[in-house]
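Accompanying notes for the structure given below.
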Amino acid sequence: MERTGIIEHIRQSLTVGLGREVTDLHETTLLYEDLGLESIGTLELLLQLEDTLGIEVDPEDLEMEVFRTVGSLADYVTGCLVETGAV
Amino acid sequence: MGAPPGTLCADVGLSRVSVQFPRGNESVDRVLERAGYSAFERRVFAKFHGLRDTPTLAPGERMEDLLVGAGREALAGCGADVVLYAHSQVVQEFAIRPGFARRMLDGLGVPGAEFYGISHINCVSMLRAVEVARRYHARPGAGPGDRVLVLGGDQGSYDDSARIIPGVTVAGDAAAAVVVHPPRSQESSRYRYLSGGAVRDDRFHRVLRMTQEELTRYAKACLGYVATVLHEAAGRAGLRVTDLDWIMPDLTSATFWRDFCRAAGVERDRVCLDLLPVRGHNFGIDAMSALWHADLTGRLRHGDRCALIAVGAGAYVQVVVVEVVGEQP
Numbered sequence: 001m002e003r004t005g006i007i008e009h010i011r012q013s014l015t016v017g018l019g020r021e022v023t024d025l026h027e028t029t030l031l032y033e034d035l036g037l038e039s040i041g042t043l044e045l046l047l048q049l050e051d052t053l054g055i056e057v058d059p060e061d062l063e064m065e066v067f068r069t070v071g072s073l074a075d076y077v078t079g080c081l082v083e084t085g086a087v
Numbered sequence: 088m089g090a091p092p093g094t095l096c097a098d099v100g101l102s103r104v105s106v107q108f109p110r111g112n113e114s115v116d117r118v119l120e121r122a123g124y125s126a127f128e129r130r131v132f133a134k135f136h137g138l139r140d141t142p143t144l145a146p147g148e149r150m151e152d153l154l155v156g157a158g159r160e161a162l163a164g165c166g167a168d169v170v171l172y173a174h175s176q177v178v179q180e181f182a183i184r185p186g187f188a189r190r191m192l193d194g195l196g197v198p199g200a201e202f203y204g205i206s207h208i209n210c211v212s213m214l215r216a217v218e219v220a221r222r223y224h225a226r227p228g229a230g231p232g233d234r235v236l237v238l239g240g241d242q243g244s245y246d247d248s249a250r251i252i253p254g255v256t257v258a259g260d261a262a263a264a265v266v267v268h269p270p271r272s273q274e275s276s277r278y279r280y281l282s283g284g285a286v287r288d289d290r291f292h293r294v295l296r297m298t299q300e301e302l303t304r305y306a307k308a309c310l311g312y313v314a315t316v317l318h319e320a321a322g323r324a325g326l327r328v329t330d331l332d333w334i335m336p337d338l339t340s341a342t343f344w345r346d347f348c349r350a351a352g353v354e355r356d357r358v359c360l361d362l363l364p365v366r367g368h369n370f371g372i373d374a375m376s377a378l379w380h381a382d383l384t385g386r387l388r389h390g391d392r393c394a395l396i397a398v399g400a401g402a403y404v405q406v407v408v409v410e411v412v413g414e415q416p
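Here the protein sequences come in this chain order: G and Y. So the first sequence is numbered by my numbering: it starts at 1 and just counts up by one. So the second sequence is numbered by my numbering: it starts at 88 and just counts up by one.
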């Protein structure tokens with residue numbers, strides 16, 4: 001899957017995690033500071049990504065750094081896709 | 088509480104902990120479904136919070152019997168001068184039925200003991216009761232043979248609305264007990280009290296009526312408070328947090344402890360979360376039940392230092408640091 005496709009999936013999933021539509025999203029967008037993502041929203045975002053991309057998130061592997069920016073989350077998702085053989 | 092915990096009389100002993108779970112269990116998923124949670128929301132509890140089952144009284148089982156069973160086991164055939172019943176829920180059907188204190192004292196086999204409730208501090212009640220027991224042993228005229236039985240436990244299954252903290256956890260039915268021995272007691276204790284600490288932040292007094300925004304701020308604040316109080320309590324015992332061998336946690340959710348370990352730099356395998364999927368959160372007895380389980384499964388060694396941590400909505404944080412002194416069962 002292309003990087004732009006992953007970011008589009010993140011954008012759509014953020015709608016669930018934030019409870020509102022997100023339109024302007026970049027690699028450097030800060031998930032907590034810029035978008036106001038909170039802890040429960042983060043968990044819902046991850047479940048949504050699992051559902052739409054078919055990845056498996058292991059809660060034990062998650063480090064805070066993953067959720068710093070859209071780009072860092074996209075890196076993490078890419079890693080999960082590699083594990084599933086989708087990339 | 089007056090004097091800071093850990094400065095009153097630092098050498099009380101604690102007996103082995105006794106814990107009683109009911110025969111029944113209910114799946115957390117089913118409790119949440121009944122409360123109207125969507126399948127998506129329920130997955131958060133299962134996958135991230137690590138909650139699978141919640142102890143639930145079976146038909147014919149009574150919460151009073153769990154409390155008496157745990158208490159009698161902790162007393163081990165000996166008496167008590169005072170019984171402190173620590174509970175989170177202010178009103179419980181079995182406890183407001185007339186004669187509760189008398190039934191408990193008779194059931195425990197200590198009809199002449201004094202009986203007090205420790206409440207209105209939510210899930211830190213049992214660890215706070217240990218501090219109250221220390222105060223009792225520090226009173227003028229205290230004797231080396233005095234014994235205080237600390238009992239804890241609530242009936243979560245009485246009402247789903249009382250057992251679910253929205254987005255956070257589901258609480259069950261269970262009881263725990265421990266005897267607090269005075270300094271210079273002739274009895275052999277399993278644990279030696281080293282120190283304690285506590286904090287309260289009444290910004291979160293709305294508890295179950297907190298908005299999602301308040302719950303988020305509460306969770307964040309609690310992470311900081313647990314780190315601070317743990318550091319202070321360890322310090323009062325002359326220890327660093329890294330010197331602690333085990334953390335006996337509040338078992339509200341794995342998410343909280345994952346976040347705590349990341350933020351505080353504590354190794355995850357030092358936090359005893361084994362009971363979380365199968366027993367989950369049981370109001371104020373979590374840290375005691377984690378200690379009980381760690382001892383029962385042979386994890387504890389003589390000299391191990393354990394920090395018992397309770398977090399209560401409101402918000403309250405209570406930490407008790409103990410050292411394992413007796414032999415393994």
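All residues carry an ideal CB built from backbone N, CA and C; glycine is no exception. All of these numbers come straight from a predicted model, not from anything done at the bench.
Distance, residue j Cα to residue i Cα
| i | j | result |
| --- | --- | --- |
| Gly199 (chain Y) | Ile205 (chain Y) | 19 Å |
| Ala157 (chain Y) | Val237 (chain Y) | 10 Å |
| Gly17 (chain G) | Leu62 (chain G) | 17 Å |
| Arg302 (chain Y) | Tyr124 (chain Y) | Checking the sequence, you will find Leu at residue 302 (chain Y) rather than Arg. Roughly 17 Å between the two C-alpha positions. |
| Glu410 (chain Y) | Ala402 (chain Y) | 27 Å |
| Ile6 (chain G) | Thr15 (chain G) | 15 Å |
| Leu331 (chain Y) | Gln12 (chain G) | 44 Å |
| Ala351 (chain Y) | Ala394 (chain Y) | 14 Å |
| Gly79 (chain G) | Met64 (chain G) | 16 Å |
| Glu8 (chain G) | Leu49 (chain G) | 11 Å |
| Arg355 (chain Y) | Leu310 (chain Y) | 15 Å |
For residue i, three-class secondary structure by DSSP
| i | result |
| --- | --- |
| Ala163 (chain Y) | coil |
| Val257 (chain Y) | strand |
| Asp75 (chain G) | helix |
| Gln107 (chain Y) | strand |
| Leu395 (chain Y) | strand |
| Ile334 (chain Y) | strand |
| Gly209 (chain Y) | Residue 209 (chain Y) is actually Asn in this sequence, not Gly. In the structure shown, Asn209 (chain Y) sits in a helix (DSSP, three-state: H, G or I). |
| His268 (chain Y) | strand |
| Gly327 (chain Y) | Note that residue 327 (chain Y) is Arg in the sequence shown, not Gly. Three-state result, Arg327 (chain Y): coil. |
| Ile55 (chain G) | coil |
| Leu30 (chain G) | strand |
| Ala101 (chain Y) | Note on identity: in this sequence residue 101 (chain Y) is Leu, with Ala being the wrong assignment. Strand at Leu101 (chain Y). |
| His9 (chain G) | helix |
| Pro364 (chain Y) | helix |
Residues sharing a beta bridge with residue i, DSSP
| i | result |
| --- | --- |
| Tyr172 (chain Y) | Y:Gly204 and Y:Leu238 |
| Asp24 (chain G) | In the DSSP output, where bridge partners are listed per residue, Asp24 (chain G) has none listed. |
| Leu43 (chain G) | Paired residues: none, contrary to the question. |
| Ala285 (chain Y) | Y:Gln405 |
| Ala262 (chain Y) | Y:Gln107 and Y:Gly240 |
Three or more beta-carbon pairs under 8 Å between the region 130-141 of chain Y and the region 304-323 of chain Y, yes or no? no
Chain Y contacts from the region 5-25 of chain G (Cβ-Cβ distance under 7 Å): none
Would you list, in chain order, the members of the region 30-49 of chain G that have their beta-carbon closer than 7 Å to a beta-carbon of chain Y? Glu38, Ser39, Ile40, Leu43, Glu44 and Leu47
Residues of the region 345-361 of chain Y with Cβ closer than 7 Å to any Cβ of chain G, in chain order: Of all residues in the region 345-361 of chain Y, the ones placed with a Cβ closer than 7 Å to any Cβ belonging to chain G are Arg345 and Arg349, in chain order.
How do the region 358-371 of chain Y and the region 256-275 of chain Y stand: do at least 3 beta-carbon pairs fall below 8 Å, yes or no? Yes: the two stretches touch, three or more of their Cβ pairs being nearer than 8 Å.
Chain G contacts from the region 252-268 of chain Y (Cβ-Cβ distance under 8 Å): Answer in chain order: Gly254.
Answer yes if the region 216-233 of chain Y comes into contact with the region 322-336 of chain Y, meaning at least three C-beta pairs across the two stretches below 8 Å, and no otherwise. Touching, no, given that fewer than three Cβ pairs across the two stretches are closer than 8 Å.
If you measure beta-carbon to beta-carbon, which residues of the region 55-71 of chain G are closer than 9 Å to chain Y? Val57, Pro59, Glu60, Leu62, Glu63 and Met64
Contact between the region 370-384 of chain Y and the region 290-301 of chain Y (3+ Cβ pairs under 8 Å): no
Identify each residue in the region 124-147 of chain Y for which the Cβ-Cβ distance to at least one residue of chain G is less than 9 Å, and report them in chain order. Phe127, Glu128, Arg130, Val131, Lys134, Phe135, His136 and Gly137
Should the region 354-367 of chain Y be regarded as contacting the region 160-177 of chain Y, the criterion being three or more beta carbon pairs within less than 8 Å? Flag = no, the region 354-367 of chain Y and the region 160-177 of chain Y do not touch.
Inter-stretch contact (C-beta, 8 Å, three-pair minimum) for the region 31-45 of chain G and the region 65-76 of chain G: yes
Along the region 145-174 of chain Y, where does the CB come closer than 8 Å to a CB of chain G? Name the residues. none
For the region 300-316 of chain Y, enumerate the residues whose C-beta is nearer than 7 Å to any C-beta of chain G, in chain order. So the close ones are Thr303 and Ala306.
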